[in-house]
Amino acid sequence: MSAKEMIRIEKLNKSFGDLHVLKDIDMTVNESDVVVLIGASGSGKSTLLRCINFLEIKDHGKVIIEGEEIDPSTHNLNDVRQNVGMVFQHFNLFPHKTVLENVIEAPVHVKKMSRKQAVEEAKVLLEKVGLADKADEYPSRLSGGQKQRVAIARSLAMQPDIMLFDEPTSALDPELVGEVLATMKELANEGMTMVVVTHEMGFAREVADWVVYMHDGYIVETGKPNELFDNPKEERTQEFLSTIL
Amino acid sequence: MPSIQHLFEVFISSYDQFFHATWLTLKLTVVSIFIAMFIGLFFALLKISRIAVLESIANFYIFIVRGTPLIVQIFIFYFGLTELNMSDFWAATLGLAFHNGAYIAEIFRGAIQSIEKGQMEAGRSLGMSRTLTMRRIILPQAFRRALPPLGNQFIIGLKDSSLAAFIGVYEIFNLATTQGSESFDSMTWLIICAIYYLILVFLLTLLVSYMERRLAVSD
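From first to last, the protein sequence lines are chains A and B. For what it's worth, my numbering labels the leading residue of the first sequence as 502, then goes sequentially. For what it's worth, my numbering labels the leading residue of the second sequence as 54, then goes sequentially.
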């Protein structure tokens with residue numbers, strides 16, 4: 502039995518000017534997998550994540566989403582992105598809209614869902630992330646952890662098949678990290694396919710199906726969390742882990 | 054200098070004339086600023102389009118407006134448009150709109166570019182197109198940020214509408230200079246004219262700060 506392939510990346514290369522950020526990346530993510538990307542800053546993990554929803558466009562190689570190779574010059578990327586949600590380090594909530602308006606924005610204006618239905622679904626999602634009582638607040642009134650949970654709800658409102666998390670807890674005060682990780686863990690338990698860039702090794706160990714270690718634009722090592730953390734095969738991985746654990 | 058009492062008497066007796074002239078000044082200002090907002094937004098979007106030809110067109114427009122005196126622009130519109138049987142009011146209005154549009158374009162461009170890059174990315178990541186994100190997410194925030202400098206430009210536009218006098222529009226300044234020289238009492242009329250402008254600018258300032266407060270609810 503083979504699981505459905507949600508993301509496949511083949512020989513992906515990406516440069517910013519002279520800077521070669523991603524080098525021959527190969528990666529496969531199956532349905533319901535939680536893949537955690539780790540590595541030092543500048544190793545290319547965020548860029549790799551952003552290539553999956555085409556906020557960055559690859560130079561060479563293939564990005565295959567749910568079995569379909571996506572060519573940015575011919576595919577409508579807006580359609581692709583509806584299925585690939587993203588949560589950002591700095592939340593990027595829309596500050597001029599209330600929490601509820603943030604969540605219903607894309608369903609109403611992209612999916613053309615009726616406002617009434619969008620509001621109903623948004624309320625369910627806000628309940629799920631524990632913020633039903635904040636629906637009518639503006640983002641400026643929320644804590645960082647609450648903002649990030651709203652951002653997760655906003656992404657989920659499009660009913661994506663894949664969720665990308667770009668250092669979702671890095672901008673949070675330490676005491677607020679837990680609530681965001683708990684929400685992500687719940688999502689993982691429900692079977693969401695997730696790719697997560699994070700420095701939270703506890704989360705990686707507990708929730709990830711696969712951990713990918715990146716260094717200098719290469720994927721150095723991929724493994725189950727206990728293998729990679731307890732018995733890293735590559736010297737580079739060992740060095741990295743010794744600096745952070 | 055005229056005595057306070059004389060000033061007061063002329064102020065009262067000229068009320069009716071100034072009422073009409075003020076109405077004309079207001080029409081000139083409001084209509085020209087209204088048109089200028091659309092011109093400004095249009096050229097601001099050209100400037101951020103990242104399409105070289107469109108950027109050049111916008112830059113050329115701004116270059117022309119900034120590089121020539123407003124009075125020259127108004128005269129060119131006047132002589133250009135009277136051939137089309139356009140009234141002097143509309144020549145002045147369009148001249149002012151053409152002029153203010155360039156400054157408003159720069160105000161909008163600055164405001165749009167000041168919105169964090171993450172806002173566009175968040176919109177795009179939800180499947181919204183660039184245009185939709187611009188309209189629903191970026192522009193409303195940019196407009197709010199643009200309001201203080203826009204208010205400033207509205208005030209400049211109001212005062213600059215006095216130049217319409219030179220092509221015969223009978224607005225506040227034209228009334229004051231005409232009546233002043235007919236009555237050999239220019240100083241009195243000019244001071245009254247200044248008072249009317251002060252009142253108008255004061256009211257406009259109140260309006261802008263009211264709008265700023267209305268739009269600040271999300272802070």
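The C-beta atom is built at its ideal place from N, Cα and C for all residues, glycine as well. In this text the structure is predicted, and so the values were computed from the model without any measurement.
Original post:
Does the Cβ-Cβ distance between residue 165 of chain B and residue 93 of chain B come in under 9 Å?
Top reply: no
**OP:** Evaluate residue 648 of chain A with the Cβ neighbour count: other Cβ atoms within 10 Å of its Cβ, from every protein chain shown; 16 or more gives buried, anything less gives exposed.
**Re:** buried
Original post:
Around the Cβ of residue 57 of chain B, are there at least 16 other Cβ atoms within 10 angstroms (buried) or fewer (exposed)?
Top reply: exposed
**OP:** Give the DSSP bridge partners of residue 509 of chain A, in chain order.
**Re:** A:529, A:565
**OP:** State the Cα-Cα distance for the pair residue 266 of chain B and residue 167 of chain B, rounded to the nearest angstrom.
**Re:** 20 Å
**OP:** Report the rounded CA-to-CA distance for residue 95 of chain B versus residue 89 of chain B, giving the unit in angstroms.
**Re:** 10 Å
Original post:
Can you find a CB in chain A that lies within less than 9 Å of the CB of residue 55 of chain B?
Top reply: no
Original post:
Under 9 Å between the Cβ atoms of residue 268 of chain B and residue 197 of chain B?
Top reply: yes
**OP:** Could you tell me whether the Cβ of residue 182 of chain B comes closer than 9 Å to any Cβ of chain A?
**Re:** yes
Original post:
How about residue 127 of chain B and residue 98 of chain B: do their beta carbons lie closer than 9 Å?
Top reply: no
Subject >> Whole-Å CB distance - residue 550 of chain A paired with residue 721 of chain A, under 8 Å assumed >> reply: Wrong, their Cβ atoms sit about 17 Å apart, outside the cutoff.
Original post:
In terms of alpha-carbon separation, which member of B:143, B:205, B:138, B:68 lies closest to residue 258 of chain B?
Top reply: B:205
Subject >> Neighbour list for residue 639 of chain A in chain B, Cβ cutoff strictly below 9 Å >> reply: 270, 271, 272
Original post:
Between which two residues does the alpha helix (DSSP H) carrying residue 108 of chain B extend?
Top reply: 105-120
Original post:
For residue 746 of chain A, which residues of its own chain have a beta-carbon under 7 Å away from its beta-carbon, when the five flanking residues on both sides are left out?
Top reply: 702
Original post:
What does residue 591 of chain A touch in chain B if you count any residue whose Cβ is under 9 Å from its own?
Top reply: 169, 171
Original post:
Touching or not, the stretch 588-603 of chain A and the stretch 655-667 of chain A, by the rule of three or more beta carbon pairs under 8 Å?
Top reply: yes
Original post:
Among the residues of its own chain, which have a CB less than 6 Å from the CB of residue 638 of chain A, if the five just before and after it don't count?
Top reply: 600
**OP:** Would you verify that the beta carbon of residue 727 of chain A is, or is not, closer than 9 Å to some beta carbon of chain B?
**Re:** no
Subject >> Counterpart residues of residue 539 of chain A in DSSP-defined beta bridges >> reply: A:714
Original post:
chain A partners of residue 194 of chain B, CB-CB under 9 Å?
Top reply: 595, 596, 597
Subject >> Proximity winner among A:567, A:580, A:583, relative to residue 510 of chain A (alpha-carbon distances) >> reply: A:567
Original post:
What does residue 88 of chain B touch in chain A if you count any residue whose Cβ is under 7 Å from its own?
Top reply: The premise fails here: residue 88 of chain B is roughly 26 Å from chain A at the closest Cβ pair, so nothing lies under 7 Å.
**OP:** State the beta-bridge partners of residue 666 of chain A as determined by DSSP.
**Re:** A:588, A:697
Original post:
Would you call residue 558 of chain A buried or exposed, if buried means 16 or more other Cβ atoms sit within 10 Å of its Cβ?
Top reply: exposed
**OP:** For residue 582 of chain A, go through chain B and note every residue whose CB falls closer than 8 Å to its CB, in chain order.
**Re:** 177, 178, 179, 180
**OP:** For the beta strand (DSSP E) holding residue 719 of chain A, just list the boundary residues, first then last.
**Re:** 719-724
Original post:
Can a CB atom of chain B be found closer than 9 Å to the CB of residue 556 of chain A?
Top reply: yes
**OP:** Pull up the distance between the alpha-carbon of residue 518 of chain A and that of residue 560 of chain A, whole angstroms please.
**Re:** 11 Å
Original post:
For residue 502 of chain A, is the classification buried or exposed, using 16 other Cβ atoms within 10 angstroms of its Cβ as the cut-off for buried?
Top reply: For residue 502 of chain A, the pLDDT reaches just 48, beneath the cut-off of 50, and the residue's location in the model is therefore unreliable, leaving the point undetermined.
Original post:
Taking 9 Å as the CB-CB limit, is residue 185 of chain B close to chain A?
Top reply: yes
Original post:
In chain order, what residues of the same chain have a beta carbon less than 7 Å from the beta carbon of residue 191 of chain B, not counting five sequence neighbours either side?
Top reply: 165, 168, 172, 173
Original post:
Can you tell me whether residue 85 of chain B is buried or exposed, with buried defined as 16 or more other CB within 10 angstroms of its CB?
Top reply: buried
Subject >> residue 736 of chain A, DSSP secondary structure in three states >> reply: helix
Subject >> Own chain partners of residue 645 of chain A with C-beta closer than 6 Å, once the 5 adjacent residues on each side are dropped >> reply: 673, 677
**OP:** Below 8 Å on the Cβ atoms is my guess for residue 583 of chain A versus residue 659 of chain A; work out the distance and round it to an integer in Å.
**Re:** 5 Å
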